[in-house]
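Keeping their order, the protein sequence lines are chains A, B and C.
Everything in the first sequence is counted per my numbering, starting at 6 for the first residue and increasing by one.
Everything in the second sequence is counted per my numbering, starting at 6 for the first residue and increasing by one.
Everything in the third sequence is counted per my numbering, starting at 6 for the first residue and increasing by one.
Working notes for the structure below.
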Amino acid sequence: MKPRTAFGQHTLPGEYFTSEEIFRAERTQIFHRSWLLAGHVSQLPAPGSYFLFELDRESVLVLRDAGGTVRAFHNLCRHRGSRLCLAPHGEIGATLQCPYHAWTYGLDGTLRAAPNMGDVPGFDPKTLGLKPAALADWQGFLFLNLAADPVPFETALPGLVGKFEAWRLPELRSVHQEVYEVAANWKLFFHNYSECYHCPKVHPHLNKLTPYRNTENDLDEGPVLGGPMWMSNPDGSMTSHGGRCAVPFAGLSPEERGRVYYYTVFPSTFLSLHPDYVMVHRALALGVDRTRIVCDWYFHPDAIGAPGFDPRSAVDFWDLTNRQDWELCAN
Amino acid sequence: MKPRTAFGQHTLPGEYFTSEEIFRAERTQIFHRSWLLAGHVSQLPAPGSYFLFELDRESVLVLRDAGGTVRAFHNLCRHRGSRLCLAPHGEIGATLQCPYHAWTYGLDGTLRAAPNMGDVPGFDPKTLGLKPAALADWQGFLFLNLAADPVPFETALPGLVGKFEAWRLPELRSVHQEVYEVAANWKLFFHNYSECYHCPKVHPHLNKLTPYRNTENDLDEGPVLGGPMWMSNPDGSMTSHGGRCAVPFAGLSPEERGRVYYYTVFPSTFLSLHPDYVMVHRALALGVDRTRIVCDWYFHPDAIGAPGFDPRSAVDFWDLTNRQDWELCAN
Amino acid sequence: MKPRTAFGQHTLPGEYFTSEEIFRAERTQIFHRSWLLAGHVSQLPAPGSYFLFELDRESVLVLRDAGGTVRAFHNLCRHRGSRLCLAPHGEIGATLQCPYHAWTYGLDGTLRAAPNMGDVPGFDPKTLGLKPAALADWQGFLFLNLAADPVPFETALPGLVGKFEAWRLPELRSVHQEVYEVAANWKLFFHNYSECYHCPKVHPHLNKLTPYRNTENDLDEGPVLGGPMWMSNPDGSMTSHGGRCAVPFAGLSPEERGRVYYYTVFPSTFLSLHPDYVMVHRALALGVDRTRIVCDWYFHPDAIGAPGFDPRSAVDFWDLTNRQDWELCAN
Chain A
6 MKPRTAFGQH TLPGEYFTSE EIFRAERTQI FHRSWLLAGH VSQLPAPGSY FLFELDRESV
66 LVLRDAGGTV RAFHNLCRHR GSRLCLAPHG EIGATLQCPY HAWTYGLDGT LRAAPNMGDV
126 PGFDPKTLGL KPAALADWQG FLFLNLAADP VPFETALPGL VGKFEAWRLP ELRSVHQEVY
186 EVAANWKLFF HNYSECYHCP KVHPHLNKLT PYRNTENDLD EGPVLGGPMW MSNPDGSMTS
246 HGGRCAVPFA GLSPEERGRV YYYTVFPSTF LSLHPDYVMV HRALALGVDR TRIVCDWYFH
306 PDAIGAPGFD PRSAVDFWDL TNRQDWELCA N
Chain B
6 MKPRTAFGQH TLPGEYFTSE EIFRAERTQI FHRSWLLAGH VSQLPAPGSY FLFELDRESV
66 LVLRDAGGTV RAFHNLCRHR GSRLCLAPHG EIGATLQCPY HAWTYGLDGT LRAAPNMGDV
126 PGFDPKTLGL KPAALADWQG FLFLNLAADP VPFETALPGL VGKFEAWRLP ELRSVHQEVY
186 EVAANWKLFF HNYSECYHCP KVHPHLNKLT PYRNTENDLD EGPVLGGPMW MSNPDGSMTS
246 HGGRCAVPFA GLSPEERGRV YYYTVFPSTF LSLHPDYVMV HRALALGVDR TRIVCDWYFH
306 PDAIGAPGFD PRSAVDFWDL TNRQDWELCA N
Chain C
6 MKPRTAFGQH TLPGEYFTSE EIFRAERTQI FHRSWLLAGH VSQLPAPGSY FLFELDRESV
66 LVLRDAGGTV RAFHNLCRHR GSRLCLAPHG EIGATLQCPY HAWTYGLDGT LRAAPNMGDV
126 PGFDPKTLGL KPAALADWQG FLFLNLAADP VPFETALPGL VGKFEAWRLP ELRSVHQEVY
186 EVAANWKLFF HNYSECYHCP KVHPHLNKLT PYRNTENDLD EGPVLGGPMW MSNPDGSMTS
246 HGGRCAVPFA GLSPEERGRV YYYTVFPSTF LSLHPDYVMV HRALALGVDR TRIVCDWYFH
306 PDAIGAPGFD PRSAVDFWDL TNRQDWELCA N
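Encoded structure:
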């Protein structure tokens, strides 16, 4: 068995969790250069659907255009820099009009109208379309990268390419979302999620379903780290009653059906793939000692539509586990 | 027609509205070196009347002395630096006593009494008067300058000298004040006030009274920028019903009676001179993304004393317009 | 008579009370290098009793071990840096277990158990005991020093050595505590406590009992500064009714019984020794313009146990005086 975390290693010096200066460097060198999970295609059901992704002072508009293509633009009018969309998500219609001076853009980002600007020498609407942001669609999950010249997604996160197809991720929908804000440095959540050494003390209910030594890492290089834990009950799942709360994903092998797969996707995401559902944590560092975690529980539409569908046992199980962990992270 | 704002210009880079470092430079190089509107002589009706002007950590005491002269002093006791006056305005009496160790000053700033200090070698009360602050009275409006060696008011703001005498500004009184605090950089308010290109979209009620192209700048150099807009109804005013809410100022020409004159006085003031009243915005940058705007509606005492005087239509008109603008500035 | 404060001196420039940069230097060069009052032995009545002392991001655990010795440790698990104790004070039991991964320490700081770590190459529990913090017990008052190589207590504060034995400080107990948070720089509290020149204006009730010139300093070098004030009524005390609220400490001379002794112990403490009780102010700089003052009223157990014991007149007297002073410090 390969150990889940390397032994003989030492933890980072304390200042990495408290220094404003180090956090500013992380902002520039990590968050503004990495692929960050923004959402899922299921949040954009129709042309004109959009949601915002906000990081520090950046606001990115992710939308589905008239042809069905998902696009991402900086949410700023090219005239005076006003934000075009204010609500966190919604439906735009056929065009997008700035609330300040009424400049109007198509869903493909082109500037369609700018009142009274026609007579301004040198004014060229073709150079004044919305500024695109780098976007990648990985199995239905939409990642953004705010770098000026981003590393391609497949180069940055090769560990994800071609993985987890059996869970049919592009088809899933979130049935529940919890938003947590915790007074702790973002890296503590990655440490915490990456080991189960704390489970016997902190999560006895979880440790009963997956004893903490039942694990090995199958991805442990680069920014994707993790692997399976095998359940004591191969027909169970991680729920408050220990049983599944939906039929397992059809394409899973018998071995996969008895396991939960946990991965950190540095620096924004945790993926938790269960036989019957997928949970995703999205971490946003709000400050050196403040982190927002958005947690979604995804199920397949077939499961959601099945008679008697009830995801509460999955939600309750992880909400309890999350809160136990956040308390320790904030300590 | 001369355009209200220059075309072909570009807006400031985004960091000028968000960077703490740039804001600190603005504090030092702009706010602590410029003439800033502090108030109006009508706020000092009698000897001993005072009000405070506070900027960052500076507190300036503006008072009327026993001889009727308006003076400004740093609101700090020369002994231990305690603030002498705490309430934002009030009546002092014949002398001013520090609440800490009871040092007492005359309204002319001289140190009159300092208990038990007489026997201290080298103690010289003549060197320990209150420190004066630079003060200018422009048409009854009191401006302060916190620089060690300020540029004279007339040199800094030549555009104001001798202007607007027909509005009899020194005689006016504020009948209403609104205080707004908005989460936006102070320069956005200057941009916003300086153009009416946004009026059709944002202020349809205003654009009906003064269509946005009815304008030209008559002062456009240095820190005073603006000019008239002519009203569709030459007997109207900017009010919620479109008519005047007081008789026009007696000295206005027929042309002036049909216009509103708008000026920004960089970096603290907007003047809006109507045929029947004068509105003044006073902007105070509280932080890089926080601005306080104090708005006063001034009328002539003859108008205030007239039977049936009711300024609400002027207050309501601009309060609505202000709030529409603040929402955009904060976007 | 030697004056209580030197004349002809000038106050510090204003920036010493407002500059974040100077405050950061004070943190490093003063607070993290000085002996700071943390508490009193009476707060640790039995083996396993503890309290926390927190400064900036440091948390120190002060406890009484199984053998009765008072010890101080950094309140951090050696594994991941979690805080071991969370409540500000309490009882530990025989061992101390980290809430995260269940590492367990003895009250002497040794690592007793670390689950599953036995097979890690190079893991040596003897090197992983809790990190001690420098502790001094001066007459029952417990001082901490966070420096890596602290100056010995007796070298740093020679003025305290052997002083005030007649007040039997190690035996006392606090009967009342007030916690104040004031928007003022910490040094202003030292200035304020160090002179009674402000008493006639600010504390007429106090000035009646001890006229402000009834004083001289008997300790005025290094970080301990102060001396006695003699009371108008030699059988009185500093209380709301002017009389004593307990029998005087048995060992005081007749002269000492008619006096109050006031000392600042830089940079954390004020000692106020009355004939019948001892009041202690503990100052903690929370920020450049925010200070917490914890004030305790200590009496001898014999006084506390006497029929009709009522300390309210002492508490009320100083609570009023404190609040008058804090208002001026915050000005």
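No residue lacks a Cβ here, since even glycine has one placed at the ideal position from N, Cα and C.
As the structure is a prediction and not an experimental result, all values here were calculated from the model.
Do the segment 188-195 of chain C and the segment 170-178 of chain C meet, that is, are 3 or more Cβ pairs less than 8 Å apart?
no
Assuming C:Phe322 and C:Met234 are in contact, meaning their beta carbons sit under 8 Å apart, how far apart are those beta carbons, in whole angstroms?
No, C:Phe322 and C:Met234 are not in contact; Cβ-Cβ is about 14 Å, not under 8 Å.
Answer with yes or no whether the minimum CB distance from B:Arg85 to chain C is below 8 Å.
yes
Grab the span of the alpha helix (DSSP H) containing A:Glu170 for me, first residue to last.
Here A:Glu170 belongs to no alpha helix (DSSP H), and DSSP marks it neither H nor E.
Rounded to the nearest angstrom, what separates A:Asn336 and C:Ser258 at their Cα positions?
51 Å
Which residues of the segment 272-301 of chain A have a Cβ closer than 9 Å to any Cβ of chain C? Give them in chain order.
none
Leaving aside the five residues before and after C:Val299 along the sequence, list all residues of the same chain whose C-beta is less than 7 Å from its C-beta, in chain order.
Gln182, Val184, Arg287
Are the CB atoms of C:Leu41 and C:Leu149 nearer to each other than 8 Å?
yes
Relative to chain B, which residues along the segment 206-221 of chain C have a C-beta separation below 8 Å, given in chain order?
Lys206, Val207
Is there a C-beta anywhere in chain C that falls below 8 Å from the one on A:Thr23?
yes
Tell me the rounded alpha-carbon separation between A:Trp143 and A:Val285.
14 Å
Write down every uninterrupted run of the alpha helix (DSSP H) in the segment 120-182 of chain C whose length is 4 residues or greater and which is fully enclosed by it, in chain order.
158-161
Rounded to a whole number of angstroms, what is the C-alpha to C-alpha distance between B:Tyr399 and B:Arg297?
Residue 399 of chain B cannot be examined here, being either before or after the span of chain B that is shown, 6 to 336.
DSSP three-state label for B:Ile97, please.
coil
Other residues of its chain near A:Ala119: CB distance less than 6 Å, five sequence neighbours each side excluded
Trp108
Given that C:Tyr105 touches chain F, what residues does it touch there, using C-beta distances under 8 Å?
As a matter of chain content, chain F is missing from the structure shown, whose protein chains are A, B and C.
Taking the alpha carbon of A:Leu162 as the reference point, which residue from A:Asn121, A:Asp225, A:Phe128, A:Cys204 has its own alpha carbon closest?
A:Asp225
Would you call A:Val252 buried or exposed, if buried means 16 or more other Cβ atoms sit within 10 Å of its Cβ?
exposed
Could you name the residues of chain A that B:Thr269 contacts, counting a contact when the two beta carbons are closer than 8 Å?
Going along chain A, no residue has its Cβ under 8 Å from B:Thr269, so there is no contact; the nearest lies around 17 Å.
Quick one: does A:Gly19 have its CB under 8 Å from some CB of chain C?
yes
Opposite B:Trp40 in the DSSP bridges: which residues?
Paired residue(s): none; B:Trp40 is not in a bridge.
8 Å Cβ cutoff, A:Leu91 in contact with chain B:
yes
Cβ-based neighbour list, C:Asp70, same chain, cut-off 7 Å, excluding 5 preceding and 5 following
Pro52, Arg76, Leu112, Asp113
Is C:His94 near C:Leu57, with beta carbons less than 8 Å apart?
yes
Start and end residues, beta strand (DSSP E) containing C:Pro259
From DSSP, C:Pro259 is part of no beta strand (DSSP E) but of the alpha helix (DSSP H) over 259-262.
Under the DSSP definition of a beta bridge, which residues are partnered with A:Ile298?
A:Tyr185, A:Ala288
Counting only the same chain and skipping the five closest in sequence on each side, list residues whose C-beta sits under 8 Å from that of B:Tyr105.
Cys82, His84, Arg85, Ser87
Status (buried if at least 16 other CB within 10 Å, exposed otherwise) for C:Leu17
exposed
Spatial distance of C:Cys334 from C:Asn197 (CA atoms):
7 Å
What are the boundary residues of the alpha helix (DSSP H) that includes C:Ala30?
25-31
Which same chain residues, not among the five before or five after A:His37, have their C-beta less than 6 Å away from its C-beta?
Leu151
If we count the other Cβ atoms within 10 Å of its Cβ and call it buried at 16 or more, is A:Asn80 buried or exposed?
buried
Step through the CB atoms of chain A and report whether any lies within less than 8 Å of the CB of C:Arg62.
yes
Output the boundary residues of the alpha helix (DSSP H) element that contains A:Arg1.
Because chain A in this structure spans residues 6 to 336, residue 1 of chain A falls outside the shown range and cannot be described.
Under 8 Å between C-beta atoms, does C:Arg88 make it to chain A?
yes
A:Ser54 versus A:Ser64, A:Gly72, A:Arg62, residue with shortest Cα-Cα distance:
A:Gly72
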